[in-house]
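Down below is the structure, laid out as structure tokens.
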Amino acid sequence: MMNPSTHDPRVIVALDYANASDALKTVDRLVPELCRLKVGKELFTRSGPELVRELTARGFDVFLDLKFHDIPNTVAQACRAAADLGVWMVNVHAQGGRKMMMAAREALAEYGNERPLLIAVTILTSLDADDLAEVGLQGTPAENVLRLATLTQDCGLDGVVCSPLEAAVLRQRLGGEFRLITPGVRPAGAAQDDQRRVMTPAQAVAAGASYLVIGRPITQAPDPIAALHAINADIG
């Protein structure tokens, strides 16, 4: 695995905040031994690279979730910029195609053992079959996920973001080393919010998920560290 550390937490806490101040209030209550952190589009756009540097300086592995999707050269340069920030993982959209994904992979290969993991987004967990049909994609979400994940693996990337409901099939078809990063994970009894295809943490791990992206059940809990402990205990 790239960027080895002395710990390998499976929970990635989604810092879905509007600003760095609010995000850091939650981060102050977390520890790197128990989780990794995800910085997405809104927080990065508002707070920029300095927040990512702050999080890595505190010892956290950062998943920079910007879902790059552009012409191959632009995506390659964006991936280099992410690697220069010292992030643990970065992602692109698999629908950007083979040339784009291979350009991203080749750009990060320049960093050798220090390179971030490179994964691809398949089908967003907020989309169902009707949504896919509306944008011209035939078949079920699961069929599209498998097709895009297979392409991603063929391009030499490290894994994909997928719904936990697709994890079992992908694990069976793509092998044990291919990383599956699953949003749409909610502890039993938690609200589904805007996710349509969900599982509990234990169910997702049993299905083959490598890492679980979990936001509001932790960040909006009265005691985030207690919520994180409970999830880690649930997944063993």
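Per the numbering used here, the very first residue in the sequence shown carries number 11; after that it's consecutive. Cβ atoms here follow ideal geometry from the backbone N, Cα and C, with glycine treated the same way. These numbers come from a predicted model, not from an experiment.
message: If you reduce the DSSP assignment to three classes, tell me which class Val37 lands in.
response: helix
_Three CB pairs or more closer than 8 Å across the region 132-152 and the region 166-178_ = yes
- Message: For a test of the three-state rule: what should DSSP assign to Ile228, helix, strand or coil?
- Response: helix
ask   = Taking all protein chains shown into account, do 16 or more other C-beta atoms lie within 10 angstroms of the C-beta of Ala143, making it buried, or fewer, making it exposed?
value = exposed
Arg46 in three-state terms, based on DSSP: strand
Going by DSSP in three states, Phe258 sits in which element: helix, strand or coil?
As shown, the chain starts at 11 and ends at 246. That puts residue 258 outside it, with no answer to give.
Problem - Buried versus exposed, by CB contacts within 10 Å (16 or more), His103 - result: buried
Euclidean distance between Cα positions of Met12 and Gly166: Annotation note: pLDDT 38 at Met12 (below 50); position unreliable, coordinate value reported separately. Roughly 14 Å separates the two Cα atoms.
Work out the CA separation of Glu120 and Pro82 for me, nearest whole Å. 16 Å
**Message:** Which runs of the beta strand (DSSP E) at least 3 residues long sit entirely within the region 129-201? Give them in chain order.
**Reply:** 169-171 and 189-192
In angstroms, rounded to a whole number, what distance separates the CA positions of Pro197 and Ile241? 7 Å
In the structure shown, what three-state DSSP assignment does Leu61 receive?
helix
Proximity to His86 [Cα-Cα], best of Gly69, Leu76 and Leu118: Rather than His, the amino acid found at residue 86 in this sequence is Ala. Of the candidates Gly69, Leu76 and Leu118, the one whose C-alpha sits nearest the C-alpha of Ala86 is Leu118.
*Quick one: what's got a C-beta closer than 8 Å to Val37's C-beta in the same chain, skipping five residues either side?*
Leu25, Leu47, Leu65, Arg68 and Phe70
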